[in-house]
Structure formats: C-alpha cells, structure tokens
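Beneath this line is the structure, given in structure tokens, with notes to follow.
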Amino acid sequence: MKQSRRNFLKFAGLSAAGLCIAPTAVMASGAPGHGADYKVNANHLHAKRWAMVIDTRKLNTEEAIEALAETCHHIHNVPTIDSDQDIKWLWSGTYGEVFPEQENNFPSEAQEKHRFPLLCNHCEHPSCVRVCPTKATFVRPDGIVAMDYHRCIGCRYCMAACPYGSRSFNFMDPRPHLDMDNINKKFPTRMRGVVEKCNFCVERLAVGEMPACAEKSGGAIIFGDLQDPDSNVRKALRENFTIRRKPAAGTEPGVYYII
Amino acid sequence: MLEKAFKGGPKYWAWIGFLLLIIGAGFCTYLTQLQEGMTITGLNRDVSWGFYIAQFTYLVGLAASGVMIVLPYYFHHYKKFKGMVIMGEFMAIAAVVMCLGFIIVDIGQPQRMLNIIFHPTPNSVLFWDMIVLNGYLILNVVIGWTCLECDRQRVSHPKWVKPLVYTSIIWAFSIHTVTAFLYAGLPGRHYWLTAILAARFLASAFCSGPAILLLVVFLVRKITKYEPGKGAIGTLTTIITYAMCVNVFFFMLEIFTAFYSNMPGHIHSIAYLFAGSHGHHELVPWMWTAAIFAFISLALLIPPKLRYNQKLLPWSLAILVIATWIDKGLGLLIGGFTPNPFNEITVYWPTGKELMISMMVYALGALTLTFLYKIATDVKREIGQLTTED
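Quick note, the sequences are listed as chains A and B, same order. Following my numbering, the numbering of the first sequence begins with 5 at its first residue and continues without gaps. Following my numbering, the numbering of the second sequence begins with 25 at its first residue and continues without gaps.
Structure follows, in structure tokens:
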C-alpha cells in the first residue's frame, strides 16, 4: 500500500491517542497497579506528628554530637567531603550559630562552652516544600519532611528557602567520598546534582526502630508523637523549658531544645 | 525572512564565527560540569545560588525592558518609537533565551528538567517563573515576527496581534515581578525578604534594560546606518533617567528600613556588602563602585544638557549598566546568602569555568540577537524604513 502523508498522520494521531488512553483504561479495568504487592511492616511505628526533643543539658559536647553524627552519616551513606561543598545530616554548632538573634551579650559559661546538635527541623510549614517546583521534597502525613532523590532536579531552591541551613547539595559524585567496602547496603547512596538532608530515619521507623541518633543518645534525644498528649516528647515538653530555632520564620520546627 | 540571517558580508560572518567559538569553548566547559557536577563552580553549601542565577535575574530585566518602548507606542500612540518597537521585542527574545540558558546550566540534573512540567507545582514560584518566561518568549516571537513580516509585505498588521501586544505589555511586568517573588518569599533571607523587592526589580529593569538596548542600537546604527530617530532616543533616555532615580530611591528605602529599625538581620547583609563583616571584604569595592557609578550616571543623565549630548550618552549609559549589573548581577544574590542561616560568612566567588559557561550563554544570546537584528534591519532597509526622520 502506498503510504500517503495523510495516512501516516492518521496513524500517528491514533497511536498517540491510544497511548494517552491506555493507562486510564488499565486503571479502569481494575488491574492491580504496581505497589499492590507491598506489605507494610507489622512493627511499623506510627505517629500523627513525629517530633524530637533534645536535652542539651545532657548532650552538649562536640565529641558526643560527633559520635551521633558518625552513626547517622554511616547508616545513611553520607559522604565525608573536606570542603564547603560538603554534606551534613547531623552536626553541631555554637549557641550563636544555632539560635542567632536569640543571643545574649553576657552568655552563661555553660552556654558559651556548649555545642548544640543541628539537623533538619522537619517543620510543620516547611518553606523548602513550599518552593520545590517538582514536589521532590514533601511532608508525609506523619509530619516528616521527606526527599525523593529521583525526582529532584537540583535547582537548589529549597536550600535558598530553608532558614536553618539544613539542606546539602551533592555538588560532586558522593561515592568516591564513601568507604565503599563499608557502606550500609540497606540504604541507597545518592548521585551528584541532587539535594539531601536528614530524614528522621523514616527507614528505621518503618521497621519499628527509633531514629539512630535518638537510640544512641542515651536518653538525651527524645523522639515521639507530638499529637499524643501521653507521649514521651509531650512529657518532656511539659516538664522542661524548651526553645525552637528561629520562631520568627513561622515554619513551626519539629525539633525542640531543652536548654 | 529567516534567509536574511544567512546572507552577510565577511565582517558579519567573522562576528558569527567569533560567537560560535565562544559558544564552543563554553560548551566544552559545560560538558565538564555535566561530567563532574556543580563542584566546578564556586558555589557551596551556604551560597547555593551564584553567578548563573544572578545573570538570569539581571537578564530578566533586559527582557522586560522592551515594554518601555512597546507601552508608549501602543498605549499612548507615541509614534516616534515606531522604528524601535521591533528592536525592543527582538531584544526581549534574546534576553529570555539567555535567561532560560542560565537556568539550564544552573540545574544539577538538567536531564530531569521536564519534571517541572510533568509534576506541575503551583505553590512553587519557580513553576510560575517558567510559565511567564516561556509565555513572554512565545508572545514576543509571535508578535515581532508577524509584525515584521507584515511590514515586509507592506500590509497592515493583522487585528489579532493587538490583543497579544496588550497581553505582552502586562506580561512584561509579570516576568520581573514573578522573578522577584522567587526571592522575596523566603523567610530567613533578610536581604530579599522585603515587600519592595519586586518594585526594585522593575525600576532596575526599566533603567538598565533600555540602557543596554540603546547601547546595542547605537552599535547597530554604526554598522547598518539604522537610525531610530533623535526623538526616540531622547524619550527613551528620559525614561531611563526616571527609572534610575526610582531605582536609587528604592534602594535608599531599604537602607532606611534596615538601619533606622536597627534590626540586626536586616543590617547584616547590607553591612557585609558595603563594609565587610567578620573580616570578609570581598564585595566591598564592588558595591561601592556600584554606588558611586549609580550617582555618576544620575549626574550625567539628570541635567538635560548632558542627557541629550549624544557624545556623552553612551558613556552615561555604560556607567549605569555597570552600576545596575553589580547591584543585581552580583550583590543581590551573594548578599541574600551572606550571612548564612548560622550568621556566619561563607565566601562565594565564581570560578573561571563558571564564567566560561556564562560566556557561552551570553554568546548564545548575542547570536540570537545578531540574527534577529540582521533580519530586522534588512527588512527595514528593503522597505525603506531604516531611518526615522525627525
């Protein structure tokens, strides 16, 4: 048959229409989509709003925080890069760095000496999520601000938006900066060109474990459900004076500090 | 009409060749960025946007500038701009091409760029910026090309162009407003967190954009005997002068708010830019050059005698362009990120590779502009409208 241009266009048009309709048709037919076979782990920890209370009376030295950071960075395959293009999930800072604009001109001796743990605040109104153009970063129903590393286009708008400097960008391929013989094979490594940050150990919550830093902190980091009045975090908040970072930013952080 | 871009003298081709050479060299550098990642830039954990995004921001102003000709021509029937309208529209096309180029080179995973379209996110200003920029590009291509083609055929412009022109006039304001919203909506970045940022962006666009446009037009006049007309140049210079006055005034408002309120966060960025902070003074000479040049340009533009002096004008405009470029193409971005959220200073300075890739995008814009202006001037010559009498 002689193919005329008209015939070709007809065929191309029908094919394109078919491609558009096919997924809807498959869904309408009630066929199981992908993901139907997955089962949620029976031990999965649930909460309406995960939150963290850090007792800085117990956890305030560079070494102690560094030890927690090491665990965190190891299980999440966070590379060690010795430059200002590095990646940080958990690290420490001075009072002035952690609570700028809440500084005193005559700080107490303890406050001057102490170091404070820093991590993603998993805000209730996260500005990073508000600005992300691809929904690569999003709030889960349990309040955790999560990242889809495969969705991220690396525009770094979230880094500009985060008032807490909690986000890191993979400026370079992170893998050469990892001890590849000693990585955690249960957690992915990242590629260059995407943003990453602390994830409140969602992968551990999913199998019934507490976040690694909370588990390792010897009680200095309390993790639990903020919406549950009987939870350990609510108990800690009831019994102690706590502050959060940069309240003026209006993001409602989920990390509280007992000073 | 397109064929006119491919006919030219040896000088024309030498210029095209030169631009292609820069584009080629820049592209090779860009390949290393694709290979190694953004680590080849001077960007870091704290200053996560830099030279690329700053150039994008500055060039959005250039794109918006065409409206300073189109608006008086269509809204106020200011006929003296007739010869320049197409120049403004074609400049907008080249500027948006550069804007999009700078965004693409700034993305860490450019092959996933279309995720913005596959997963449209109306709560992100970047999504709207994509809409307004591409919309403005299409509007100007359609309007500019149709009108020029009609002029060439010696027929009147089709009726459907008018509504598009009016849309494009409003749209021009939107592109710079939305770009300002990229910055102005972020908590914790005091230098950007100001309601007047969009207004500042527009003021700076309406002085720097037409200034660059006029400088290019002067160059075109030398090369092709194209004559936009004294009246048009005079009016546009007056517009530039007013816009620059407003631009400087708006910046002073920022200074007042920051220093009279004595809010540390608001002072800190400005202090870092103009006086240095924590022992870092990288931008101080630049910012003072910008400030001084801004006032020199005003001194050369406000007195009518100096403003209408054709010999002096290119210099006044060049000084103005330098002042606004430092303010927006360097200071705005770095000042926004410095100090960082921990009240510390992390120094950012573009690397050679970053500059080389930026040159590629600029050369790409120059190439687009050369082709478009070549077509426009050839058509104008053909229909005998290369010079405007007045």
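Yeah, the Cβ is synthetic: ideal placement off N, Cα and C, and Gly gets one too. Remember, predicted model here, so these are calculated numbers, not experimental data.
Whole-angstrom C-beta distance between residue j and residue i, which should lie under 8 angstroms
{"i": "G228 of chain A", "j": "A51 of chain A", "result": "7 angstroms"}
{"i": "C217 of chain A", "j": "T75 of chain A", "result": "7 angstroms"}
{"i": "E116 of chain A", "j": "S96 of chain A", "result": "Actually they are not in contact, since the Cβ atoms of E116 of chain A and S96 of chain A sit about 14 angstroms apart, beyond 8 angstroms."}
{"i": "I110 of chain B", "j": "L172 of chain B", "result": "6 angstroms"}
{"i": "L336 of chain B", "j": "L344 of chain B", "result": "Not really, about 12 angstroms apart at Cβ, beyond 8 angstroms."}
{"i": "L357 of chain B", "j": "I77 of chain B", "result": "6 angstroms"}
{"i": "I193 of chain B", "j": "V91 of chain B", "result": "6 angstroms"}
{"i": "I226 of chain A", "j": "N81 of chain A", "result": "Rounded, the Cβ-Cβ distance is 26 angstroms, inconsistent with contact."}
{"i": "A318 of chain B", "j": "V272 of chain B", "result": "6 angstroms"}
{"i": "P257 of chain A", "j": "C127 of chain A", "result": "5 angstroms"}
{"i": "Q133 of chain B", "j": "G158 of chain A", "result": "5 angstroms"}
{"i": "L83 of chain B", "j": "A119 of chain B", "result": "5 angstroms"}
{"i": "H181 of chain A", "j": "I79 of chain A", "result": "Going by Cβ atoms, the distance from H181 of chain A to I79 of chain A rounds to 16 angstroms, so no, they are not a contact pair."}
Status (buried if at least 16 other CB within 10 Å, exposed otherwise) for residue i
{"i": "D183 of chain A", "result": "exposed"}
{"i": "F142 of chain B", "result": "exposed"}
{"i": "F225 of chain B", "result": "buried"}
{"i": "E27 of chain B", "result": "exposed"}
{"i": "F12 of chain A", "result": "exposed"}
{"i": "S52 of chain B", "result": "Here residue 52 of chain B is Cys; the residue named in the question, Ser, does not match the sequence. So C52 of chain B ends up on the exposed side."}
{"i": "G147 of chain A", "result": "buried"}
{"i": "A252 of chain A", "result": "exposed"}
{"i": "A299 of chain B", "result": "exposed"}
{"i": "K250 of chain A", "result": "buried"}
{"i": "E113 of chain B", "result": "buried"}
{"i": "N125 of chain A", "result": "buried"}
{"i": "V189 of chain B", "result": "buried"}
{"i": "Y42 of chain A", "result": "exposed"}
{"i": "A114 of chain A", "result": "exposed"}
{"i": "P233 of chain A", "result": "exposed"}
{"i": "S8 of chain A", "result": "exposed"}
{"i": "D185 of chain A", "result": "exposed"}
Close-in-space but distant-in-sequence residues of the same chain around residue i (CB under 7 angstroms, 5 per side omitted)
{"i": "L241 of chain A", "result": "V57 and Y260"}
{"i": "T375 of chain B", "result": "I64, T65 and G66"}
{"i": "M163 of chain A", "result": "R171, F173 and V199"}
{"i": "V371 of chain B", "result": "H304 and E306"}
{"i": "D70 of chain B", "result": "F361, N364 and T370"}
{"i": "T313 of chain B", "result": "I350"}
Member of the options whose CA lies at the smallest distance from the CA of residue i
{"i": "G169 of chain A", "options": "A:V82, A:R160 and A:D177", "result": "A:R160"}
{"i": "T141 of chain A", "options": "B:N139, B:L58 and B:L157", "result": "B:N139"}
{"i": "T348 of chain B", "options": "B:T81, B:F280, B:E60 and B:I40", "result": "B:T81"}
{"i": "K201 of chain A", "options": "A:R53, A:H77, A:K14 and A:V44", "result": "A:H77"}
{"i": "L49 of chain A", "options": "A:K62, A:I226 and A:E207", "result": "A:E207"}
{"i": "P187 of chain B", "options": "B:L95, B:A87 and B:V403", "result": "B:L95"}
{"i": "S72 of chain B", "options": "B:G408, B:A387, B:P363 and B:I381", "result": "B:P363"}
{"i": "L388 of chain B", "options": "B:G48, B:A38, B:W37 and B:M25", "result": "B:G48"}
{"i": "A295 of chain B", "options": "B:G212, B:V308 and B:F114", "result": "B:V308"}
{"i": "A219 of chain B", "options": "B:M383, B:F242, B:R245 and B:F275", "result": "B:F275"}
{"i": "G197 of chain A", "options": "A:W93, A:C156, A:K220 and A:T84", "result": "A:C156"}
{"i": "R405 of chain B", "options": "B:R178, B:G258, B:L163 and B:G289", "result": "B:R178"}
{"i": "T259 of chain B", "options": "B:A119, B:T401, B:M108 and B:W312", "result": "B:M108"}
{"i": "I247 of chain A", "options": "A:F103, A:K43 and A:N64", "result": "A:F103"}
{"i": "N164 of chain B", "options": "B:A267, B:A87 and B:I346", "result": "B:A87"}
{"i": "N47 of chain A", "options": "A:H181, A:V211 and A:P83", "result": "A:V211"}
{"i": "K352 of chain B", "options": "B:M383, B:S228, B:Q334 and B:L391", "result": "B:S228"}
{"i": "P288 of chain B", "options": "B:N367, B:V241 and B:G253", "result": "B:N367"}
{"i": "P178 of chain A", "options": "A:D59, A:A20 and A:K92", "result": "A:K92"}
{"i": "T193 of chain A", "options": "A:Q231, A:Y153 and A:E213", "result": "A:Y153"}
{"i": "P130 of chain A", "options": "B:L354, B:L217 and B:N147", "result": "B:N147"}
{"i": "G254 of chain A", "options": "B:G209, B:N286, B:G233 and B:F151", "result": "B:G209"}
Neighbourhood of residue i by C-beta distance below 6 angstroms, restricted to the same chain and skipping five residues each side
{"i": "F175 of chain A", "result": "Q89"}
{"i": "A411 of chain B", "result": "Before going on, a small fix: residue 411 of chain B reads as Thr here, not Ala. Within the same chain, T411 of chain B has close Cβ partners E251."}
{"i": "S340 of chain B", "result": "S321, L324 and L325"}
{"i": "I123 of chain A", "result": "Here residue 123 of chain A is Leu; the residue named in the question, Ile, does not match the sequence. The residues are L94 and C202."}
{"i": "Y215 of chain B", "result": "S293, G359 and G360"}
{"i": "V156 of chain B", "result": "S198, I199 and V202"}
{"i": "A55 of chain A", "result": "L230, V237 and G258"}
Close-in-space but distant-in-sequence residues of the same chain around residue i (CB under 8 angstroms, 5 per side omitted)
{"i": "M25 of chain B", "result": "W169, L172, E173, R176, I399 and V403"}
{"i": "I291 of chain B", "result": "A282 and F283"}
{"i": "I381 of chain B", "result": "G50, T53, Y54, Q57, Y76 and V129"}
{"i": "L277 of chain B", "result": "I220"}
{"i": "R119 of chain A", "result": "N64, T65, E66, I69, S96, G97 and T98"}
Residue i CB to nearest heavy atom of the ligand NAD below 7 angstroms
{"i": "G212 of chain B", "result": "The ligand NAD is absent from the structure shown, which contains no ligand whatsoever."}
Inset, instruction - Evaluate contact between the segment 89-109 of chain B and the segment 395-402 of chain B, counting only Cβ atoms and requiring at least three cross-stretch pairs below 8 angstroms. - result: no
Legend entry - Stretch-stretch touch, CB-based, cutoff 8 angstroms, three pairs: the segment 197-211 of chain B with the segment 239-254 of chain B: As far as the Cβ criterion goes, the segment 197-211 of chain B does not touch the segment 239-254 of chain B, which means the pair count is below three.
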